[in-house]
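Student: Mapping to the working numbering: the sequence shown position 49 is 49, numbers consecutive.
Where a beta carbon is used, it is the ideal one built from N, C-alpha and C, also for glycine.
Keep in mind it's a predicted model, so treat the numbers as computed, not measured.
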Amino acid sequence: MDQSILSSRAVLGMYFARLELPNAAGWIDGVSNLFNSDQASEDYPFLGQVPRMREWIGGRNAKGLRDNNLTIKNKHYEATLEIALTDLRRDKTPQIQARIGEFAGEGDAHWSTLVSDLIIAAPSAVCYDGEYYFDSDHPNIFDSNTTSNDITVDISGLPAAVHGVVTAPSVEEMQQSIIKGIAQILSFKDDRGRPMNSNAKSFLVTVPLGLWITAVAAVSAVTAGSAMQNNANPNVLAALKGIQIDIQMVPELTWTDSFAVWRTDSPIKGIIRQNETDPQVKMKDENSEYAFDNDAIQIGIDAWRGADYGLWQRACYVTMT
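1. Output needed for residue 12: all residues of its chain with C-beta closer than 8 Å, excluding positions within five of it in sequence on either side, in chain order.
2. What number of angstroms, rounded off, separates the C-alpha of residue 311 from the C-alpha of residue 261?
3. Go ahead and label residue 181 buried or exposed: buried means 16 or more other beta carbons lie within 10 angstroms of its beta carbon, across all protein chains shown.
4. Please return the same chain residues whose Cβ sits closer than 6 Å to the Cβ of residue 155, not counting the five positions on each side in sequence.
5. By the three-class DSSP mapping on this structure, what secondary structure does residue 260 have?
6. How many Å lie between residue 44 and residue 88 at the Cα?
7. Considering only C-alpha positions, which residue in the set 305, 279, 151 and 259 is nearest to residue 187?
8. Spatial neighbours of residue 316 within its chain, please: CB distance less than 6 Å, with the 5 preceding and 5 following residues excluded, ordered by chain position.
9. On the DSSP bridge list, what partners appear for residue 33?
10. How would you call residue 30, buried or exposed, if buried means at least 16 neighbouring beta carbons within 10 angstroms?
11. For residue 200, which residues in the same chain have their Cβ closer than 6 Å to its Cβ, ignoring the five residues on either side in sequence?
12. Report back the beta-carbon spacing between residue 301 and residue 107 to the nearest angstrom; my notes put them in contact at under 8 Å.
13. Could you give the distance in angstroms between the alpha-carbon of residue 137 and the alpha-carbon of residue 289?
14. Can you list the alpha helix (DSSP H) stretches of 4 or more residues lying completely in the segment 148–190, in chain order?
15. Count the other C-beta atoms from every protein chain shown that fall within 10 angstroms of the C-beta of residue 171, then say buried if there are 16 or more, exposed otherwise.
16. Measuring CB to CB, does residue 209 end up less than 7 Å from residue 249?
17. Taking the beta carbon of residue 194 as the centre, do at least 16 other beta carbons fall within 10 Å, making it buried, or is it exposed?
18. Can you tell me which of 146, 313 and 276 puts its alpha carbon nearest to the alpha carbon of residue 76?
19. So which of 147, 191, 103 and 247 has the shortest CA-CA distance to residue 218?
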């Protein structure tokens, strides 16, 4: 039997063996929903709030889904790895296995890229209500006012023993800025004028590399006492008793004086991921015309998927000034 065929099969075996290993979805699942798709695009009419419980008076008072429609199109994504036949022939198994292992994880890593790209663009990208995702004037449905999930914090005015600058704030300043972002999320109301995040207990802060170390130190020191020093509202004080705050450094972020806070324990989240097909593997093996012409084999993966902004009320962009 031709040994090269065994090598080609071995490459596929390495790929599928890597897929059997557990993948830590991590922070992506915290800030986004994943919905399956079976067509070119999907509509999401559910972005209005569902009705709350009320006293039964005169029968049921049914509320439909509001007309805040979002359509997400599935796009075709691919990745292709080429391996020289000489490498297979020379049995460079450790190197090939390492490359295949990393390649097999690309399907999951790609979700991180899509979500990170949305976060980067959020201050200037339009969401379902026609405003930028992070904006200071999202229209309220229940009245004629607006709501902001894009706030500024003057760190020079914060009560802190040590003061820094906006690109290098002190731990106390970072801590209180994060709390202000959480407080803003807790203040958001649904389309009937009622608090929509009052039961929030879990948050994630996405930061650029330059603010990462300070943010980690700040979160480790968050206490109800610091919230009280920050003159936070009662919702913040209550939430901090059982609150979970995590930090995620996003290397792609180029922000220098800002970060984003996300609620991670809500059924509908701030970003929507849409999956039409899982990554499908294809191969041009050593018996293919490509191998004859190029003395190499190719293994490729293809997937149809998409991502877009969900509820802006699940996130807040904080800029330190």
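Tutor: So, from the listed chains and residues:
1. Walking along the sequence shown from the start, residue 12 turns up at place 12. So the qualifying residues of the chain are 281, 283 and 299.
2. Translated into the one-based positions of the sequence shown, residue 311 becomes position 311. Translated into the one-based positions of the sequence shown, residue 261 becomes position 261. Approximately 13 Å between the Cα atoms of the pair.
3. By 1-based counting over the sequence shown, the position of residue 181 is 181. Per the 10 Å Cβ criterion, buried.
4. The residue you call residue 155 lines up with position 155 of the sequence shown. Correct list, in chain order: 169, 173 and 320.
5. Numbered from 1 along the sequence shown, position 260 holds the residue referred to as residue 260. It is a strand residue.
6. As a position in the sequence shown, residue 44 is number 44, starting the count at 1. As a position in the sequence shown, residue 88 is number 88, starting the count at 1. If I take the Cα positions, the gap works out to 48 Å.
7. Taking the first residue of the sequence shown as 1, we reach residue 187 at position 187. Comparing alpha carbon positions, the residue from 305, 279, 151 and 259 closest to residue 187 is 151.
8. Position 316 of the sequence shown, counted from the start, is the residue given in the question as residue 316. The residues are 149, 181, 184, 185 and 261.
9. One-based indexing of the sequence shown puts residue 33 at position 33. According to the DSSP secondary-structure assignment, residue 33 is paired through a beta bridge with 272.
10. As a first step, residue 30 must be located in the sequence shown, where it is residue number 30. The residue in question, residue 30, is buried, as its Cβ has 16 or more Cβ neighbours within 10 Å.
11. Numbered from its first residue, the sequence shown carries residue 200 at position 200. Excluding five sequence positions before and after residue 200, the CB atoms of its chain that fall closer than 6 Å to its own CB belong to 263, given in chain order.
12. Locating residue 301 in the sequence shown gives position 301, where the first residue counts as 1. Locating residue 107 in the sequence shown gives position 107, where the first residue counts as 1. Taking 8 Å as the upper bound for CB-CB distance, residue 301 and residue 107 are in contact here, some 6 Å apart.
13. By one-based count along the sequence shown, residue 137 stands at place 137. By one-based count along the sequence shown, residue 289 stands at place 289. Distance between the alpha carbons of residue 137 and residue 289 is about 58 Å.
14. 171–187
15. For the purposes of this step, residue 171 is taken as the residue at position 171 of the sequence shown. Flag for residue 171 reads buried.
16. By one-based count along the sequence shown, residue 209 stands at place 209. By one-based count along the sequence shown, residue 249 stands at place 249. Yes, Cβ-Cβ distance for residue 209 and residue 249 is below 7 Å.
17. By 1-based counting over the sequence shown, the position of residue 194 is 194. Residue 194 is exposed by the Cβ-count criterion.
18. The residue labelled residue 76 in the question sits at position 76 within the sequence shown. Among 146, 313 and 276, the Cα nearest to that of residue 76 is on 276.
19. Within the sequence shown, the letter at position 218 stands for residue 218. Answer by Cα proximity: 247.
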